[in-house]
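Protein chains in written order, with full-length UniProt numbering: chain A, 1 to 735; chain B, 1 to 153.
Below you can see the structure in the form of structure tokens.
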């Protein structure tokens with residue numbers, strides 16, 4: 001029923017899961033000649049999702065997913081090393097994926113080394129060392145371990161002449177706010193950098209990052225994507241295909257959004273119709289079961305064949321039966337002839353004859369003859385019965401009424417036997433009569449009911465419906481009681497304990513009293529015994545089944561005769577009914593609907609997973625959200641500085657692209673600030689690549705050289721130290 | 001709908017009939033690309049590289065504490081600004097102090113009620129019916145999505 005609705009009114013919302021395309025072979029590495037001996041810096045934005053690299057004089061960086069895979073190709077058994085999208089080429093490669101980042105922390109330096117190798121190979125470097133200064137990003141207040149090992153790689157493995165670290169968010173801010181024509185950078189602003197596994201808020205005054213006031217929220221698109229996947233798994237616990245992180249990421253990017261006003265949105269989504277209208281349906285690939293369709297003719301032929309076979313079998317059986325019967329008759333004839341010939345021979349001869357036929361004595365012969373006779377009689381009767389059901393003739397019991405005195409010993413025995421048979425026969429007849437009577441009564445009852453119904457359909461239906469209601473109530477109460485009993489503290493459970501205690505106490509008293517006056521009246525009333533049923537929680541009540549049968553009967557009658565009583569009114573459908581809200585939240589498809597059952601309906605989730613940026617607590621992360629963190633940070637500045645900061649709130653990083661992000665931030669911040677303080681929120685021109693672009697812009701200024709650490713300095717101060725400048729971290733820095 | 005694996009089989013056949021062309025994976029691999037820029041005498045410190053997330057973070061905290069001690073000893077008169085030296089641990093956003101809004105664990109809608117038996121929040125009685133019918137482990141899964149992990153006794 002639902003699936004039909006769906007196809008009609010929700011078809012535009014259905015989106016198919018994209019099938020990943022095979023990676024294409026990238027163009028060969030650049031020729032190095034253009035940059036040979038130029039000292040043009042190499043700029044590397046080492047993001048936890050995307051690795052971007054290039055010479056500072058290029059328009060845009062090259063980039064790829066920051067992951068590598070080292071594995072052996074199964075067919076050729078050759079070791080291979082793949083970077084970025086190339087990993088998708090084979091499942092064997094995918095299984096061996098390694099990333100340099102573990103969540104928010106740079107940790108896997110083998111993977112980083114492989115990624116850097118790829119970048120340098122890709123840039124065409126063919127010199128014995130990397131002869132260019134490098135400007136590279138690091139995480140806001142990065143753990144020094146990460147920095148130390150990166151510096152070690154850069155200076156010792158690649159022998160770069162100079163190295164400088166910067167924070168990606170600040171460089172994106174720089175790239176978007178720097179005025180062309182001057183190297184001076186004095187802008188103010190509040191940079192919100194949406195990273196993969198965290199979100200950083202950094203105040204910037206006079207072009208310098210005030211990192212002492214910066215904060216990091218441990219929530220990013222990675223967490224949102226994981227949260228979405230978890231919600232999907234909870235909503236569809238038996239989904240036929242595995243939903244991958246790549247797919248949940250795709251759903252997050254394409255269908256989820258930040259709500260501009262979450263509580264208002266939730267209020268409107270309470271309406272099942274609106275909830276339904278808000279949904280996006282994700283259609284996963286499915287294979288239709290190809291049922292073998294048989295034509296009418298084929299079906300008819302098969303039926304005919306089957307019938308033919310049946311007939312043949314029947315014929316065969318009849319034939320064997322006839323043969324057997326014939327054989328028996330022959331045998332009987334033979335034995336009868338044998339018996340008749342008894343008188344003709346002498347005793348000895350007779351005995352020899354008997355033993356030759358396989359009999360011990362006369363009685364055995366008689367028995368066998370009797371058996372054969374009765375068998376034949378039965379078989380003949382059966383054969384006759386095949387034609388029609390002849391009434392069984394009443395057997396006669398001639399000896400039953402004969403007084404015992406008139407009978408000899410055999411007669412008495414025979415009389416006893418006849419008596420027994422007679423009793424059995426009479427009992428059967430009684431039962432048959434009883435049955436007939438019942439049937440008649442039932443018919444009478446039905447007729448009466450029918451008359452009643454015909455006379456007053458309304459009244460009849462009311463009566464039956466009332467009965468149905470009573471039964472349903474009883475069933476409901478029973479299940480409620482069962483549920484109540486499972487809770488030790490519920491009134492029902494307490495009452496049960498009380499009755500058990502009472503029964504136990506009664507027993508003790510009654511034992512004493514029983515010796516004297518028998519005053520125990522328990523059981524005098526049959527209802528007394530009900531107490532045992534009441535305290536027994538496990539035994540299924542037989543009433544329950546009876547009620548259900550009765551209910552079914554009533555419902556069948558109502559369904560048959562009351563046109564206003566439909567299948568929806570039956571107990572089964574009432575109990576199976578889901579509220580409109582739940583149906584809208586997760587529409588149910590019929591069992592065999594393969595297409596429908598490989599669908600995921602996203603509705604509230606679309607905003608729920610993004611809401612976590614503003615309140616990570618809803619997903620179990622105990623941290624203030626973006627709005628609260630900004631408020632905290634602003635509170636540490638003077639009003640004048642505050643005004644300078646909020647005049648230019650700058651968003652960078654892929655999640656800033658959610659269309660609701662800017663209006664939501666505005667809605668969150670506006671009430672927190674004085675009315676006359678203008679709030680302006682802008683998004684980076686290219687939230688994904690602008691950090692690199694800002695870096696390349698900066699790396700060609702004269703200032704860049706001053707921010708670098710040389711190899712000599714590295715050897716003198718150690719791998720953790722850096723120079724402090726406006727775009728760098730503050731930890732382990734010196735002026 | 002075309003039968004499943006037809007295209008795939010074809011591709012595999014192509015691969016085997018023309019063994020001279022290396023597979024796409026081989027073409028994409030850069031394992032054997034020349035890397036002259038690497039220092040052949042550099043030996044990586046395997047132990048240092050093998051550190052895990054937890055050790056790195058605890059090391060970081062330890063280092064921060066030591067640094068504070070050192071500065072205190074060097075300049076006992078100058079009070080130490082707490083954020084003068086932001087570290088990975090110190091810039092972490094504080095817990096939220098705003099009152100936590102309650103959302104339905106099943107539907108995500110506003111949740112005015114909480115089921116005392118499971119601790120799940122729910123939107124209305126129809127969702128309550130769902131919760132009533134839930135197994136204990138399912139209820140736990142729903143709770144853990146909200147970060148509530150019950151302690152196993």
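Don't be surprised by glycine CBs; every beta carbon is placed ideally from N, CA and C.
Annotation for residue 98 of chain A: the continuous beta strand (DSSP E) segment containing it runs 97–99. Scanning its chain for C-beta atoms nearer than 6 Å, with the 5 sequence neighbours on each side dropped, one finds no residue around residue 319 of chain A. For a Cβ distance threshold of 9 Å, nothing in chain A lies close to residue 122 of chain B: the least Cβ distance comes to about 11 Å.
Remark: fewer than three beta-carbon pairs, one from each stretch, lie closer than 8 Å, so the segment 601–621 of chain A and the segment 642–653 of chain A are not flagged as touching.
Not a single C-beta of chain A is nearer than 8 Å to the C-beta of residue 47 of chain B. The beta-carbon of residue 108 of chain B is placed less than 8 Å from the nearest beta-carbon of chain A. Taking 8 Å as the Cβ-Cβ cut-off, the segment 69–86 of chain A approaches chain B at 70, 73, 75, 76, 78, 79, 80, 81, 82, 83, 86, given in chain order.
Looking at the DSSP output, residue 65 of chain A shares a beta bridge with A:50. If you ignore the 5 residues before and after residue 601 of chain A, its C-beta comes within less than 7 Å of the C-beta of 279, 281, 586, 587, all in its own chain and listed in chain order. The residues 217, 218, 219, 616, 617, in chain order, have a CB closer than 8 Å to that of residue 623 of chain A in the same chain once the five nearest residues on each side in sequence are set aside.
Spanning the alpha carbons of residue 335 of chain A and residue 309 of chain A requires a straight line of approximately 39 Å. Remark: fewer than three beta-carbon pairs, one from each stretch, lie closer than 8 Å, so the segment 62–77 of chain A and the segment 137–153 of chain A are not flagged as touching. Distances from the alpha-carbon of residue 147 of chain B to those of B:91, B:61, B:119, B:21 put B:119 closest.
Every beta strand (DSSP E) stretch that sits fully inside the segment 196–267 of chain A and reaches 3 residues is listed by chain position as 199–205, 215–217. Taken in chain order, the whole alpha helix (DSSP H) runs of length 4 or more contained in the UniProt region "Disordered" (380–457) of chain A are 409–455.
Shown here, residue 683 of chain A sits in a strand according to DSSP, grouped into three states. Counting only Cβ-Cβ distances below 8 Å, residue 129 of chain A has contacts in chain B at 37, 39, in chain order. Restricting attention to A:159, A:173, A:226, A:289, the CA atom closest to the CA of residue 196 of chain A is found in A:226. When beta bridges are read from the DSSP output, residue 136 of chain A appears opposite A:44, A:165.
According to the DSSP assignment, residue 14 of chain A belongs to the beta strand (DSSP E) that extends over 14–16. Under the three-pair Cβ rule at 8 Å, the segment 36–43 of chain A counts as touching the segment 122–132 of chain A.
DSSP places residue 299 of chain A outside any beta strand (DSSP E); the residue lies instead in the alpha helix (DSSP H), whose first and last residues are 296–340. Listed in chain order, the non-local C-beta contacts of residue 714 of chain A below 7 Å within the same chain comprise 151, 155, local neighbours out to five positions each way being set aside.
Going by DSSP, residue 668 of chain A is part of the alpha helix (DSSP H) stretching over 661–669. In terms of Cα proximity to residue 260 of chain A, the closest of A:665, A:695, A:729, A:698 is A:665.
Proximity to residue 25 of chain B across A:50, A:667, A:83 peaks at A:83, based on C-alpha coordinates. Inclusion of residue 694 of chain A and residue 54 of chain A in the CB contact set at 8 Å is not warranted, their separation being larger than that value. With the rule of 3 Cβ pairs closer than 8 Å, the segment 393–403 of chain A does not count as touching the segment 366–375 of chain A. Rounded to the nearest angstrom, the Cβ distance from residue 544 of chain A to residue 478 of chain A is 6 Å, consistent with a contact under 8 Å. By a beta-carbon distance limit of 8 Å, residue 257 of chain A does not contact residue 614 of chain A. Their separation comes to about 13 Å. No Cβ-Cβ contact shorter than 8 Å links residue 578 of chain A with residue 90 of chain B. Distance between residue 200 of chain A and residue 670 of chain A, taken at the CA atoms: about 20 Å.
When secondary structure is reduced to three states using DSSP, residue 564 of chain A falls in the coil class, being assigned neither helix nor strand. Excluding its 5 nearest sequence neighbours in each direction, residue 554 of chain A has C-beta neighbours in its own chain below 6 Å: 464, 467, 468, listed in chain order.
Counting along the chain, no beta strand (DSSP E) covers residue 696 of chain A; the unbroken alpha helix (DSSP H) around it starts and ends at 690–699. Counting along the chain, residue 129 of chain B sits inside the alpha helix (DSSP H) bounded by residues 125–132.
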